[in-house]
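Each remark here refers to the structure printed beneath this line.
Next up, the structure:
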């Protein structure tokens with residue numbers, strides 16, 4: 007892990023903080039304005055690759071855990087981790103890893119731009135949504151003593167917003183990688 | 051402090067940044083000017099091993115930059131163009147202490163050196179400030195302090211005043227003039243170099259002129275303006 | 008825009024407990040509370056959590072900021088619990104969450120970030136010995152992240168203003184590409200500066 011990798015991890019963690027603290031964006035047909043936090047974690051994976059992307063997310067979560075208000079709305083501390091949505095936070099780090107792994111395969115190896123973007127979208131959806139919810143829903147079910155299926159229903163409303171974020175993250179990752187390749191030489 | 055360039059070539063897949071430069075540098079104040087993309091930054095980054103020669107070698111006090119990069123970096127301090135990206139810790143004092151880590155000094159000695167350097171540059175009052183609240187000039191002075199705590203034998207400045215306003219530019223210019231060790235300064239700010247010992251003009255990957263400031267800068271103004 | 012820790016600087020009994028102990032107790036309480044189903048015990052736990060939070064000396068505004076998001080979540084969970092499990096199940100569920108979050112919040116408010124980092128360091132030492140981790144690099148990464156959050160935030164505001172000046176409506180998506188590119192450029196310069204000093 008060279009200096010450059012350490013710096014990329016740290017600066018991406020800082021980027022996720024900035025994205026988390028930006029005002030939430032209202033989207034048409036979606037009841038709650040979406041925060042850009044998960045956009046940041048998907049981007050970390052898609053741009054830095056599995057190892058650095060996962061570590062960037064972990065660093066972000068560490069900043070929150072030690073009591074800094076870096077979660078959307080200026081929240082922070084251990085309270086969020088021990089609450090009903092704690093699993094979604096933990097899932098983000100694993101999700102970033104998966105996004106990175108898929109992005110390296112699907113997006114970098116693609117033969118044309120369309121396939122590359124599709125690859126990035128797939129990576130962001132699987133890592134940023136499937137994995138995150140796969141960790142978040144069981145956690146929620148345990149904390150609230152609901153059945154898994156009911157817990158899944160409870161968070162279903164957030165999926166459309168997350169899908170939009172996944173597409174945006176994929177597009178940003180694709181555009182930036184063309185100008186400033188980073189994923190290409192991830193360790 | 052003796053620096054030797056021995057037929058140094060720096061080539062990238064697309065171009066030749068430096069084409070066979072041979073030089074001996076020993077003066078106390080050396081300036082480097084040239085058009086953008088001429089190879090100035092490449093030339094000075096060879097001095098502390100940030101760039102390695104594709105062919106030829108660079109010797110700093112007899113040390114080969116390719117073979118002893120760590121020893122070379124201990125002798126050559128580097129102040130970069132962008133003020134804010136050189137300070138890596140959230141509090142100024144912490145950043146200077148970080149620079150001393152490779153030297154393995156005791157805490158008391160660290161604190162003494164840090165205090166002394168900040169004092170010397172007139173920025174002791176910034177020691178406990180948050181890094182992001184510093185002005186451009188204050189950043190450059192703190193960056194210089196963080197380089198000086200390591201007691202380098204030579205300090206290289208890569209366009210130190212380019213991003214500064216006039217007042218901050220003057221502060222940095224004064225600090226460079228008062229520096230008690232050899233300095234090599236790359237600059238677009240030709241005023242900065244007028245009382246230097248020697249000025250190199252880098253154009254198109256070669257040393258186009260190498261003289262006292264007066265003649266060298268005259269050549270530069272005539273041929274590269 | 009400096010990130011201020013949530014820690015409250017006071018001398019309450021909770022403040023005086025060592026960080027590692029508080030974390031261990033928190034984890035134990037968490038595991039324990041999940042196993043308890045009686046709303047009365049959970050109510051007691053929630054009351055204790057509220058008392059501990061109050062003892063840290065947190066201000067009303069700061070507390071509201073931390074709990075605001077949770078209240079919406081609790082409302083939604085309350086509705087779902089009532090819908091799927093009936094009225095009787097709701098109090099236990101809600102009190103359990105209140106207790107868990109309250110206890111965790113009390114620990115955060117009464118423990119310095121630096122002390123929590125020290126606990127992490129000790130916990131990760133075995134990994135360091137196995138050569139999987141470099142404590143120096145982790146400390147540097149932490150410092151770098153804290154150092155550059157205000158700078159990246161500043162750049163975000165600059166881009167927003169520049170776009171407004173060009174008459175482009177607040178298009179958050181158009182901000183993100185330049186923000187990311189600038190961050191990558193910055194990373195390269197910062198890495199060079201660190202290498203020059205090592």
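Residue numbers (this note's numbering), protein chains in the order written: chain A, 7 to 193; chain B, 51 to 275; chain C, 8 to 205. Cβ coordinates follow ideal geometry from the N, Cα and C atoms, glycine included. Remember, predicted model here, so these are calculated numbers, not experimental data.
Of all the options C/157, C/195, C/172, C/189, which has the alpha carbon lying nearest to the alpha carbon of residue 28 of chain A? Against the first chain, residue 28 of chain A aligns to sequence position 22. Comparing Cα positions, the closest option is C/157.
Which residues does DSSP list as the beta-bridge partners of residue 109 of chain B? One-based indexing of the second chain puts residue 109 of chain B at position 59. B/54, B/114, per the DSSP bridge assignment.
Three-state secondary structure assigned by DSSP to residue 151 of chain A: Taking the first residue of the first chain as 1, we reach residue 151 of chain A at position 145. Coil at residue 151 of chain A, not helix or strand.
Taking the alpha-carbon positions, what's the residue 113 of chain A to residue 23 of chain A distance? Mapped onto the first chain, residue 113 of chain A falls at position 107. Mapped onto the first chain, residue 23 of chain A falls at position 17. So the two alpha carbons sit approximately 26 Å from each other.
Between residue 78 of chain C and chain A, is there a C-beta pair that is closer than 7 Å? For the purposes of this step, residue 78 of chain C is identified with residue 71 of the third chain, where counting begins at 1. Not one chain A Cβ lies under 7 Å of residue 78 of chain C.
Check whether the stretch 112–122 of chain C and the stretch 46–54 of chain C touch, using three or more Cβ-Cβ pairs below 8 Å as the test. no
What residues in its chain sit with their C-beta under 7 Å from that of residue 11 of chain A, if we drop five residues either side in the sequence? For the purposes of this step, residue 11 of chain A is taken as the residue at position 5 of the first chain. Contacts found: 58, 193.
Per DSSP, what kind of secondary structure is residue 74 of chain B in: helix, strand or coil? Taking the first residue of the second chain as 1, we reach residue 74 of chain B at position 24. Three-state DSSP puts residue 74 of chain B in a strand.
Cβ neighbours of residue 140 of chain C in the same chain (closer than 8 Å, five flanking residues each side left out): Looking up residue 140 of chain C in the third chain gives position 133. So the list reads 131, 134, once near-sequence residues are dropped.
Using a Cβ-Cβ distance under 7 Å, would residue 196 of chain C count as near chain B? As a first step, residue 196 of chain C must be located in the third chain, where it is residue number 189. Chain B, which has a Cβ nearer than 7 Å to the Cβ of residue 196 of chain C, makes this yes.
Might you give, ordered along the chain, the residues of its own chain that have their beta carbon closer than 7 Å to the beta carbon of residue 98 of chain C, omitting 5 neighbours on each side? Position 91 of the third chain, counted from the start, is the residue given in the question as residue 98 of chain C. Closer than 7 Å at Cβ, skipping near neighbours: 46.
If I measure Cβ to Cβ from residue 143 of chain A and keep anything under 8 Å in the same chain, skipping five residues before and after, which residues do I get? Numbered from 1 along the first chain, position 137 holds the residue referred to as residue 143 of chain A. Once the five neighbours on either side are set aside, the close Cβ partners of residue 143 of chain A are 93, 154, 157, 158, 161.
Note down, in chain order, all residues in the stretch 182–194 of chain C with a beta-carbon under 8 Å from any beta-carbon belonging to chain A. 183, 184, 186, 187, 188, 190, 191, 192, 193, 194
Completely contained alpha helix (DSSP H) runs for the stretch 33–59 of chain A, where each covers 4 or more residues: none
Going by the CB atoms, is the gap between residue 129 of chain B and residue 210 of chain B shorter than 7 Å? Sequence index remark: in the second chain, residue 210 of chain B carries index 160 (1-based). Sequence index remark: in the second chain, residue 129 of chain B carries index 79 (1-based). Contact flag set, yes.
Could you check what DSSP says for residue 68 of chain B in three-state terms: helix, strand or coil? Taking the first residue of the second chain as position 1, residue 68 of chain B is located at position 18. Note: residue 68 of chain B maps to strand in three-state DSSP.
Short of 8 Å in beta carbon distance, which residues of its chain neighbour residue 215 of chain B, apart from the five on each side in sequence? Order them along the chain. Position 165 of the second chain, counted from the first residue, corresponds to residue 215 of chain B. If we look at residue 215 of chain B and ignore the five residues flanking it on each side, its Cβ neighbours are 186, 187.
Looking only at its chain, what residues have a beta carbon closer than 7 Å to the beta carbon of residue 111 of chain C, apart from the 5 residues adjacent to it on each side? Sequence index remark: in the third chain, residue 111 of chain C carries index 104 (1-based). Excluding positions up to five away in sequence, the list reads 33.
Taking the alpha carbon of residue 162 of chain C as the point to measure from, which residue in A/185, A/16, A/20 has its own alpha carbon closest? If you number the third chain from 1, residue 162 of chain C lands on position 155. Comparing Cα-Cα distances from residue 162 of chain C to each of A/185, A/16, A/20, the minimum goes to A/20.
Which residues, in order along the stretch 51–79 of chain C, keep a beta-carbon less than 8 Å from a beta-carbon of chain A? 72, 73, 75, 76, 77
Verify whether the separation of the beta carbon atoms of residue 188 of chain C and residue 177 of chain A is less than 7 Å. Here residue 188 of chain C corresponds to residue number 181 of the third chain, with the count starting at 1. Here residue 177 of chain A corresponds to residue number 171 of the first chain, with the count starting at 1. Contact: no.
Using a Cβ-Cβ distance under 7 Å, would residue 140 of chain C count as near chain B? Start at 1 with the first residue of the third chain, and residue 140 of chain C comes out as number 133. So, not an interface residue.
Span separating the alpha-carbon of residue 55 of chain C from that of residue 129 of chain C: Against the third chain, residue 55 of chain C aligns to sequence position 48. Against the third chain, residue 129 of chain C aligns to sequence position 122. In a straight line, the C-alpha of residue 55 of chain C is about 30 Å away from that of residue 129 of chain C.
Kindly list, in the order they appear in chain B, the residues whose Cβ is closer than 8 Å to that of residue 199 of chain C. Against the third chain, residue 199 of chain C aligns to sequence position 192. Within 8 Å Cβ-Cβ: 100, 130.
Can you name the residues of chain A whose CB is closer than 7 Å to the CB of residue 12 of chain C? For the purposes of this step, residue 12 of chain C is identified with residue 5 of the third chain, where counting begins at 1. Per Cβ cutoff of 7 Å: 73, 74.
Could you name the residues of chain C that residue 180 of chain B contacts, counting a contact when the two beta carbons are closer than 8 Å? If you number the second chain from 1, residue 180 of chain B lands on position 130. Chain C residues near residue 180 of chain B: 9, 157.
Scan the stretch 71–119 of chain C and note each continuous alpha helix (DSSP H) run of 4 residues or more that stays entirely inside, going in chain order. 96–117
Let me check one thing: in DSSP terms, what residues is residue 207 of chain B bridge-paired to? Within the second chain, numbered from 1, the residue matching residue 207 of chain B stands at position 157. In the DSSP output, where bridge partners are listed per residue, residue 207 of chain B has B/129, B/235.
Where residue 105 of chain A and residue 207 of chain B are concerned, what is the direct C-alpha to C-alpha distance, given to the nearest angstrom? For this step, residue 105 of chain A is matched to residue 99 along the first chain. For this step, residue 207 of chain B is matched to residue 157 along the second chain. Cα-Cα distance, rounded: 41 Å.
Could you check where the beta strand (DSSP E) with residue 81 of chain B kicks off and where it finishes? Position 31 of the second chain, counted from the start, is the residue given in the question as residue 81 of chain B. From DSSP, the beta strand (DSSP E) with residue 81 of chain B extends over 79–83.
Residue 169 of chain A versus A/182, A/87, A/133, A/141, residue with shortest Cα-Cα distance: Your numbering for residue 169 of chain A matches position 163 in the first chain. It is A/133 whose Cα lies nearest to the Cα of residue 169 of chain A.
Which first and last residues belong to the beta strand (DSSP E) in which residue 261 of chain B is found? What you label residue 261 of chain B is simply residue 211 of the second chain in a count that begins at 1. Taken as a continuous stretch (DSSP letters only), the beta strand (DSSP E) holding residue 261 of chain B covers 256–261.
Strictly under 7 Å for the Cβ-Cβ distance: is residue 107 of chain C near chain A by that measure? Indexing the third chain from 1 puts residue 107 of chain C at position 100. Closer than 7 Å: yes.
Relative to the alpha-carbon of residue 200 of chain B, which residue among B/99, B/222, B/266, B/147 has its alpha-carbon at the smallest distance? Within the second chain, the letter at position 150 stands for residue 200 of chain B. Closest by alpha carbon: B/147.
Please confirm whether residue 63 of chain C and residue 28 of chain C have their CB atoms less than 7 Å apart. Numbered from 1 along the third chain, position 56 holds the residue referred to as residue 63 of chain C. Numbered from 1 along the third chain, position 21 holds the residue referred to as residue 28 of chain C. Cβ atoms of residue 63 of chain C and residue 28 of chain C: not closer than 7 Å.
Given residue 41 of chain C as reference, the closest of C/154, C/106, C/196 once Cα atoms are compared: For the purposes of this step, residue 41 of chain C is taken as the residue at position 34 of the third chain. The shortest Cα separation from residue 41 of chain C among C/154, C/106, C/196 belongs to C/106.
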